[in-house]
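Notes follow the structure.
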Amino acid sequence: EAPPWSSSALNTRLPISRYAMNLQARRIAQEARGAALIHAFNYHAALPALAAGRRLGIPVVCTILGLFGPTWREMRGPVAGRGFQALERHIVSRPYARTVFLSDSSRRAGIAMGARAETSTVITPSIDLDRFRPAAERDDVILFAGQLDRRKGFHHVIAAARALPQLRFQAIGWGHDVAAMRAGAPANLDIIEDRGSPAYARALARARVFLFPSHAETFGIVVAEAMAAGCAVVSTIDTIDHAGARLAPGDEAGIIAALSRLAADPAAAAAAGAENHRRAAAFGREAIVTRIMQTHADVIAAAVRP
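Under our numbering, residues 3 to 308 are what the sequence shown spells out, in order.
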């Protein structure tokens, strides 16, 4: 006989701000009554979900989507940033039945913050492999995609475009006052305001090189999508094993040198792109969903074991 939690699936959206979610332990417990476990995410759902799980006597799995550590001080300032950093450490170190990280490097950082190694695991996000495929022909374009801000390293994209005026750069994403960004950008940088439309997938499919100079990521899903689309990747994240060039966050000179090298050697860029397309198969949805379901099954079995 099928267990009661497998008989139906319900979707309920609470019409509240994400900050108010921290106060919804009782409501979460109401929604989870009869469930075998609760799967929550940081930042605002983790602590109330844990309280709800204790109230109901069921295990809680928490996926750590964001993990910024000292980078909070850059994003929020030296005072507020320390507060966010302390809250992050508190959330990550709670005794969940399983703490899921998006990459090995994120798991190491989480354990350093107090997450229990024995109940920590890595499950990467999945991507739509049918949506992100290489185009038959590629353009000599260096593409950045994502939020146009300092944490994502957009200022390094601007600096690289200024340093390499002979190359064509394109940025597709969103941010504060995009019109002002366009006005101040070098002539060889085209900024397209977009947030996940079909234009994004088309841009990845045609770009020869993908540039992602982020300062802090738990995974960096745009890198996985660029890999699936067959781009050579130049990035400053260590969460995904990609072909192209990997540099330290903030290494602007290294970024410029790597872009110059790939631009001067189209065959090497093409080979890196082909290798990335091959590696991206590991991020297919079926494989990732199977890992999530197995994690749930293991947690439930441990919870009901006499």
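We put the beta carbon where it would ideally sit given N, CA and C, even for glycine. Remember, predicted model here, so these are calculated numbers, not experimental data.
Delimiting residues of the alpha helix (DSSP H) encompassing residue i
i, result
"S262", "E254 to A266"
"H158", "F156 to A165"
"A234", "First-last for A234: A234 to S237, but that is the beta strand (DSSP E), not the alpha helix (DSSP H)."
"H298", "R287 to V306"
"T73", "T73 to R78"
"Q149", "First-last for Q149: D141 to Q149, but that is the beta strand (DSSP E), not the alpha helix (DSSP H)."
"G315", "Any property of residue 315 remains undetermined from this structure, which presents the chain solely from 3 to 308."
"E227", "I223 to A230"
"E33", "A27 to A34"
Sequence-distant residues of its chain with Cβ nearer than 7 Å to residue i (five each side left out)
i, result
"G68", "N44, Y45 and T220"
"A161", "E254"
"R29", "L16"
"Q149", "G175, W176 and G177"
"N190", "A163, P167, L169, R170 and F171"
C-alpha distance - residue i paired with residue j, whole-angstrom precision
i, j, result
"A231", "R280", "10 Å"
"L89", "A265", "43 Å"
"F171", "P251", "20 Å"
"S216", "W74", "14 Å"
"I60", "S237", "41 Å"
"L131", "V81", "42 Å"
"A204", "A163", "According to the sequence as given, residue 204 is Arg; it is not Ala. Straight-line Cα distance between these residues: approximately 21 Å."
"L52", "S122", "16 Å"
"P97", "R35", "21 Å"
"A4", "A271", "At A4, the pLDDT of 39 sits below 50, so the modelled position is not reliable; the number obtained from the coordinates is stated separately. Rounded to the nearest angstrom, the two C-alpha atoms are 51 Å apart."
"G175", "G55", "38 Å"
"R100", "A138", "43 Å"
"T14", "G275", "41 Å"
"S199", "L206", "12 Å"
"G155", "A38", "41 Å"
"P6", "V301", "Because P6 sits at a pLDDT of 41, beneath the cut-off of 50, its placement in the model cannot be relied upon, and the following sentence gives the value as read from the coordinates. P6 and V301: Cα-Cα distance of roughly 16 Å."
"A185", "G71", "33 Å"
"R57", "A299", "21 Å"
"A273", "V235", "11 Å"
"I113", "I193", "38 Å"
"E76", "Q168", "32 Å"
"D240", "F134", "22 Å"
Cutoff 8 Å; reference residue i; Cβ partners in own chain excluding five residues on either side
i, result
"A226", "T126, P127, I129, I242, A282 and F285"
"V291", "S128"
"E277", "A245"
"A181", "none"
Proximity test, residue i beta-carbon vs the ligand ZN heavy atom, cut-off 7 Å
i, result
"W74", "The ligand ZN is not part of this structure, which contains no ligands at all."
Start-to-end residues for the beta strand (DSSP E) that takes in residue i
i, result
"S122", "S122 to V124"
Same chain only: Cβ atoms within 6 Å of residue i, ignoring 5 sequence neighbours per side
i, result
"T65", "F43 and V102"
"R140", "R208 and R210"
C-beta neighbour in chain D for residue i, strict 8 Å
i, result
"T126", "Among the chains of the structure shown, chain D does not appear; only one protein chain is present."
* Asked: Counting Cβ pairs, one atom from each stretch, are 3 or more of them under 8 Å apart for the region 131-148 and the region 194-213?
  -> Result yes; three or more Cβ-Cβ pairs closer than 8 Å.
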